[in-house]
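Just below is one structure, and these are the notes that go with it.
Numbering (the numbering used here), first residue to last: 3 to 265.
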């Protein structure tokens with residue numbers, strides 16, 4: 003069984019910088035880490051590898067050269083190999099263009115039985131890429147997966163979170179599963195895993211390698227645009243109330259609130 007896991011490198015802090023001209027994030031300007039929600043997808047893929055024989059797990063990430071670190075982290079957890087999809091022509095991609103690039107990469111690498119993704123990325127918070135990849139690959143998508151109950155005979159049965167409860171879904175392979183954090187607890191890489199990741203070569207695929215037309219990738223292939231970037235100004239001007247004692251102070255506060263229409 004062949005499994006792919008889609009991971010993304012995201013800013014590791016709130017110190018995010020934007021390019022005001024293009025409306026895109028300056029990813030090289032901040033510390034980065036693997037998207038925390040993708041770690042649950044990685045962990046679930048590794049658990050299937052441990053449960054069944056002849057399972058091969060491939061990690062795929064689209065991003066700048068430093069995104070190799072996220073791939074190596076996934077390998078240190080137990081994945082077999084990883085590919086970085088990186089090209090200046092991919093810059094400025096929205097969710098649709100990103101999904102096209104990832105789906106083209108999956109086609110280039112071959113058929114997979116299961117593709118895992120995290121619920122969403124913490125930098126964009128859209129949750130659109132996983133379902134869009136499945137649509138462009140023309141395979142089923144099951145979102146909010148909280149438990150894998152059974153895999154076998156070309157069928158997978160999963161439990162997914164819905165409003166007010168859970169539901170069980172059975173679907174034929176291949177399939178893309180978007181998982182939630184309740185599905186497992188990601189492991190901490192051990193020493194042998196870290197050594198394996200350090201020594202693992204990470205091939206870099208360009209737009210030419212995956213045969214992606216220029217009008218489908220990057221800004222050219224993105225139907226959505228950030229038309230303006232601005233930083234909100236916070237006003238914290240306050241009113242100081244002085245009184246001889248707490249009772250008088252309370253009276254003044256009530257008067258102030260009434261004057262503002264709060265009371």
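Think of the CB as a built atom: it goes at the ideal place given N, C-alpha and C, for glycine as much as any other residue.
- Message: Going by C-alpha to C-alpha distance, which of 155, 140 and 147 sits closest to residue 167?
- Response: 147
- Task: Determine the extent of the alpha helix (DSSP H) in which residue 97 is found, giving its start and end residues.
- Result: 97-111
- Find the nearest neighbour of residue 48 within the set 260, 190, 206 and 250, judged by alpha-carbon distance. 190
- Message: Is it buried or exposed, residue 194, if we count other Cβ atoms within 10 angstroms and call 16 or more buried?
- Response: exposed
- Three-pair Cβ contact test at 8 Å for the segment 167-178 versus the segment 115-126: Taking a cut-off of 8 Å for Cβ pairs, the segment 167-178 and the segment 115-126 touch, as three or more such pairs fall below it.
- Task: Kindly list the residues whose CB is nearer than 6 Å to the CB of residue 75, restricted to its own chain and excluding five residues on each side of it in sequence; keep chain order.
- Result: 36
- Item | Same chain, Cβ closer than 6 Å to residue 221, five either side skipped, listed in chain order | Excluding sequence positions up to five before and after residue 221, its CB lies within less than 6 Å of the CB of 94, all in the same chain and listed in chain order.
- Does the beta-carbon of residue 197 have 16 or more other beta-carbons within 10 angstroms, so that it is buried, or is it exposed? exposed
- Item | Three or more C-beta pairs below 8 Å linking the segment 155-165 and the segment 117-131 | Touching, no.
- Item | Residues of its chain near residue 259, where Cβ-Cβ distance is below 7 Å and the 5 sequence neighbours each way are ignored | 265
- Message: Measuring only the C-alpha atoms, how far is residue 212 from residue 84?
- Response: 15 Å
- Query: Which of the three DSSP states, helix, strand or coil, is assigned to residue 31?
  - Reply: Unreliable placement is indicated for residue 31, whose pLDDT of 49 sits below 50; the coordinate value is still reported in the next sentence. Of the three classes helix, strand and coil, the one that applies to residue 31 here is helix, per DSSP.
- Own chain, CB closer than 7 Å to residue 43, minus 5 neighbours either side, in chain order: Close CB contacts of residue 43 within its chain, under the 7 Å cut and outside five residues either way in sequence, are with 7, 118, 119, 120 and 181 (chain order).
- Query: Roughly how far, in whole angstroms, is the beta-carbon of residue 59 from the beta-carbon of residue 5, given that I think they are within contact range, below 8 Å?
  - Reply: With a Cβ gap of about 5 Å, residue 59 and residue 5 count as contacting.
- Does DSSP put residue 2 in a helix, a strand or coil? For residue 2 there is no data in the structure shown, the boundaries of the chain being 3 and 265.
- Hey, out of 11, 39 and 103, whose CA is closest to residue 134's CA? 103
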